[in-house]
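Student: Here it is: the structure, laid out below.
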Amino acid sequence: MASPYVDSPWLCAATESFGGCFNAQIEEVKSTNVLNVLEAPTSSVYDTRNIPKPPPYPNTTSKTTSHCKRISARCSVPKETKDTWDRLFKEAYGSDVYIITESNSCIPAHCNVLSIVSPVLGTILQQSKVKNGIRYISILGVPCEAVHVFIRFLYSSCYEEDEMKKYVLHMLVLSHSYSVPSLKRVCIDLLEQDCLTRENVIDVLQLARSCDAPRLSLICVRMVVKDLKSVSSTEGWKVMRRANPALEQELVESVVEADSRKQERLRKIEERKVYLQLYEAMEALLHICRDGCRTIGPSGKMLKGSHVACNFPACKGLESLVRHFSKCKSRVPGGCIHCKRMWQLLELHSRMCDEPDSCKVPLCRHFKEKMQQQTKKEEAKWKLLVSKVIAAKNALGPFSARRLDLF
């Protein structure tokens with residue numbers, strides 16, 4: 003593992019298997035290895051079958067709930083209490099268990115404290131043998147300093163930030179192995195916010211999956227997908243390729259899938275823009291033919307080229323198309339590309355119009371009658387287009403509609 007904070011044998015690049023190189027071992031210690039190491043009360047039951055229940059007080063539930071929330075928000079452990087438990091760990095007053103770590107180092111502790119905080123340690127302590135009133139267990143596979151930080155956290159939830167950063171991966175494994183959720187949350191938050199780099203992301207990913215940290219695993223995958231080129235050049239990736247080729251294949255597929263989703267998302271965005279432009283063109287067409295514009299209007303209004311175009315979204319572009327359509331000598335469909343576009347806009351409006359008899363848009367009723375003569379294939383194509391334009395319009399929402407600045 004290429005982490006700047008962690009330095010232990012299980013992280014070496016020469017190790018081929020990530021899962022088998024880091025095992026926090028706990029076992030009973032033989033005496034020869036440690037010669038040099040110093041019910042709630044119940045309420046009465048009444049027969050209330052014939053007595054109706056009184057109605058509840060107004061807003062009793064809401065008041066109680068809010069009151070409990072306020073109490074919960076105010077609950078916190080005083081600093082003095084934490085200091086007391088931290089002092090108990092450091093001074094080891096009345097300790098009755100010795101924890102043997104790497105290089106035969108010993109950490110004194112209290113059996114009751116460890117059993118309450120960690121049910122796993124409680125079970126191990128119950129099964130351990132007692133000699134001269136002292137129990138002996140061992141936590142191997144991690145540095146002695148990491149075990150010291152771990153046991154201190156069990157007492158007071160206190161830790162030095164630099165030590166936690168240095169041994170955060172070891173703390174994550176220990177918290178998972180011995181079922182300490184509070185420490186696990188601290189490790190995950192620290193990795194997500196501060197300690198995750200491209201050099202250690204592969205190792206953290208494998209560790210997160212082994213320690214049941216799905217959110218951290220997802221963040222690691224996203225980081226790999228975002229910067230595969232840099233991550234694939236790290237030592238962690240090379241070790242993972244040899245030890246876990248299935249994970250490499252999974253990450254590569256995730257990158258391909260993410261790229262496909264991105265391309266599809268961009269395509270849909272561009273497609274939505276086109277449909278939105280068509281919807282704006284339909285609005286502008288109604289605006290011009292029904293209400294009249296500053297420069298162009300109904301059939302009885304003269305075109306005034308000297309006027310400035312209005313601020314309607316699509317009015318300017320549609321105005322030039324209408325001007326061309328009114329003057330073009332080959333207005334038959336297919337004779338002119340600009341006229342063909344105008345014919346298509348008029349037909350699209352006709353298919354979206356609900357009042358063809360009173361509509362002022364030219365040829366609206368004509369296209370309504372023409373629909374009956376079209377083939378099923380053409381009809382399906384137009385229905386799909388209308389549905390897409392209406393969907394783009396609905397996507398704007400009631401508060402996103404563009405204002406019509408007519409005057």
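Per the working numbering, numbering through the sequence shown is continuous, rising by one, with the last residue being 409.
Quick reminder that beta carbons are idealized off the backbone N, C-alpha and C, glycines included.
(1) Taking only the alpha-carbon atoms, compute the straight-line gap between L365 and L348 and give it to the nearest angstrom.
(2) Hey, which unbroken runs of the alpha helix (DSSP H) at 4 residues or more fall wholly within the region 93 to 144?
(3) Buried or exposed: L218, going by 16 or more other Cβ atoms within 10 Å of its Cβ?
(4) Tell me the DSSP secondary structure of D359 in three-state form.
(5) Counting beta carbon pairs with one atom in the region 149 to 157 and one in the region 100 to 110, are three or more of them shorter than 8 Å?
(6) Three-state secondary structure (DSSP) at Y157?
(7) Rounded to the nearest angstrom, what separates G96 and S212 at their Cα positions?
(8) To which residues of the same chain is H326 closer than 6 Å at the C-beta, ignoring the five residues directly before and after it?
(9) From what residue to what residue does the alpha helix (DSSP H) around H289 run?
(10) Suppose the cutoff is 7 Å on Cβ atoms and the five residues either side in sequence are ignored; what does the same chain contact list for C160 look like?
(11) Using a threshold of 8 Å, state whether the C-beta atoms of H178 and M284 are closer than that.
(12) Measure from the alpha carbon of C189 to the alpha carbon of each residue in C317, L171, K395 and T199, then state which is nearest.
(13) Leaving aside the five residues before and after A42 along the sequence, list all residues of the same chain whose C-beta is less than 6 Å from its C-beta, in chain order.
(14) Pairing CB atoms from the region 192 to 212 with CB atoms from the region 229 to 238, are three or more of them under 8 Å?
(15) What is the DSSP secondary structure of T83, reduced to helix, strand or coil?
(16) Applying the 10 Å Cβ sphere with the 16-neighbour rule, what's the burial state of Q265?
(17) Do you know offhand how far A111's Cα is from T125's?
(18) Taking V206 and L287 to be in contact with their CB atoms under 8 Å, please state how far apart those CB atoms are, rounded to whole angstroms.
(19) Starting from the C-beta of K370, find all residues in its chain whose C-beta is less than 6 Å away, skip the five residues before and the five after it, and write them out in chain order.
(20) Cα-Cα, which of R292, A94 and M173 is closest to I136?
(21) Could you tell me whether any non-hydrogen atom of the ligand PLP is closer than 7 Å to the CB of E321?
(22) Mapping the DSSP letters down to three states, classify D196 as helix, strand or coil.
(23) Excluding the 5 residues preceding and the 5 following S107 in the sequence, name in chain order all residues of the same chain whose CB lies nearer than 7 Å to its CB.
(24) Can you have a look at A316 and say buried or exposed, based on whether 16 or more other CB atoms are within 10 angstroms of its CB?
(25) Kindly give me the distance between the Cβ atoms of V233 and I204, rounded to whole angstroms, as I take these residues to be in contact under 8 Å.
(26) Identify whether C341 lies in helix, strand or coil by the three-state DSSP scheme.
(27) Note down the Cα distance separating D214 from D196, rounded to an integer number of angstroms.
(28) Quick one: using the 10 Å Cβ neighbour count with 16 as the cut-off for buried, is V79 buried or exposed?
Tutor: Once the coordinates are examined:
(1) Here residue 365 corresponds to residue number 363 of the sequence shown, with the count starting at 1. Here residue 348 corresponds to residue number 346 of the sequence shown, with the count starting at 1. Approximately 7 Å, taken between the alpha carbons.
(2) Counting only runs of 4 or more residues that sit fully inside the region 93 to 144, the alpha helix (DSSP H) segments are 113 to 119 and 121 to 129, in chain order.
(3) As a first step, residue 218 must be located in the sequence shown, where it is residue number 216. Burial call: buried.
(4) As a first step, residue 359 must be located in the sequence shown, where it is residue number 357. DSSP places D359 in coil when its eight states are reduced to three.
(5) Yes, they touch.
(6) Taking the sequence shown and counting its residues from 1, one reaches residue 157 at position 155. In the three-state scheme derived from DSSP, where H, G and I count as helix and E and B as strand, Y157 is classed as helix.
(7) As a position in the sequence shown, residue 96 is number 94, starting the count at 1. As a position in the sequence shown, residue 212 is number 210, starting the count at 1. Near 36 Å, if we compare the C-alpha coordinates of S212 and G96.
(8) Position 324 of the sequence shown holds residue 326. The beta carbon of H326 sits closer than 6 Å to the beta carbons of H340 from its chain, once the five residues preceding and following it are set aside; these are given in chain order.
(9) Taking the first residue of the sequence shown as position 1, residue 289 is located at position 287. For H289, no alpha helix (DSSP H) run applies, since DSSP gives it neither H nor E.
(10) Sequence index remark: in the sequence shown, residue 160 carries index 158 (1-based). If we look at C160 and ignore the five residues flanking it on each side, its Cβ neighbours are K84, D88 and R154.
(11) In the sequence shown, counting from the first residue as 1, residue 178 sits at position 176. In the sequence shown, counting from the first residue as 1, residue 284 sits at position 282. Taking a C-beta distance under 8 Å as the contact criterion, H178 and M284 do not qualify as a contact pair.
(12) To locate residue 189, count along the sequence shown from 1; it is residue 187. Comparing C-alpha distances from C189 to each of C317, L171, K395 and T199 shows the shortest one belongs to L171.
(13) Stepping through the sequence shown from its first residue, residue 42 is reached at position 40. Bear in mind that the predicted position of A42 carries a pLDDT of just 39, short of 50, making it unreliable; the figure below should be weighed with that in mind. Take A42, set aside five residues on each side of it, and no residue of its chain has a beta-carbon closer than 6 Å to its own.
(14) With contact defined as three or more Cβ pairs closer than 8 Å, the region 192 to 212 and the region 229 to 238 are in contact.
(15) Looking up residue 83 in the sequence shown gives position 81. In the three-state reduction of the DSSP assignment, T83 falls in the helix class, which pools H, G and I.
(16) Translated into the one-based positions of the sequence shown, residue 265 becomes position 263. Residue environment for Q265: exposed (fewer than 16 other C-beta atoms within 10 angstroms of its C-beta).
(17) Counting from 1 along the sequence shown, the entry for residue 111 is found at position 109. Counting from 1 along the sequence shown, the entry for residue 125 is found at position 123. Distance between the alpha carbons of A111 and T125 is about 16 Å.
(18) In the sequence shown, residue 206 corresponds to position 204, counting from 1. In the sequence shown, residue 287 corresponds to position 285, counting from 1. Distance from V206 to L287 at the Cβ level is roughly 58 Å; contact not present, criterion being Cβ atoms closer than 8 Å.
(19) The residue given as residue 370 occupies position 368 in the sequence shown. So the list reads S352 and P358, once near-sequence residues are dropped.
(20) Looking up residue 136 in the sequence shown gives position 134. Here the closest residue by C-alpha is A94.
(21) Within the structure as shown, the ligand PLP is missing, as the structure has no ligands at all.
(22) Counting from 1 along the sequence shown, the entry for residue 196 is found at position 194. D196 falls in the helix class under three-state DSSP.
(23) Taking the first residue of the sequence shown as position 1, residue 107 is located at position 105. Excluding residues within five positions, the ones whose Cβ falls inside 7 Å are C146.
(24) As a first step, residue 316 must be located in the sequence shown, where it is residue number 314. Buried, because 16 or more other Cβ atoms sit within 10 Å of the Cβ of A316.
(25) Counted from its first residue, the sequence shown places residue 233 at position 231. Counted from its first residue, the sequence shown places residue 204 at position 202. So it is a contact: roughly 7 Å between Cβ atoms.
(26) As a first step, residue 341 is located in the sequence shown; it is residue number 339 there, counting from the start. Looking at C341 - three-state DSSP - the assignment turns out to be helix.
(27) Numbered from 1 along the sequence shown, position 212 holds the residue referred to as residue 214. Numbered from 1 along the sequence shown, position 194 holds the residue referred to as residue 196. So the alpha carbons of these two residues sit roughly 20 Å apart.
(28) The residue labelled residue 79 in the question sits at position 77 within the sequence shown. Note on V79: under 16 other CB atoms within 10 angstroms of its CB, so exposed under the neighbour-count rule.
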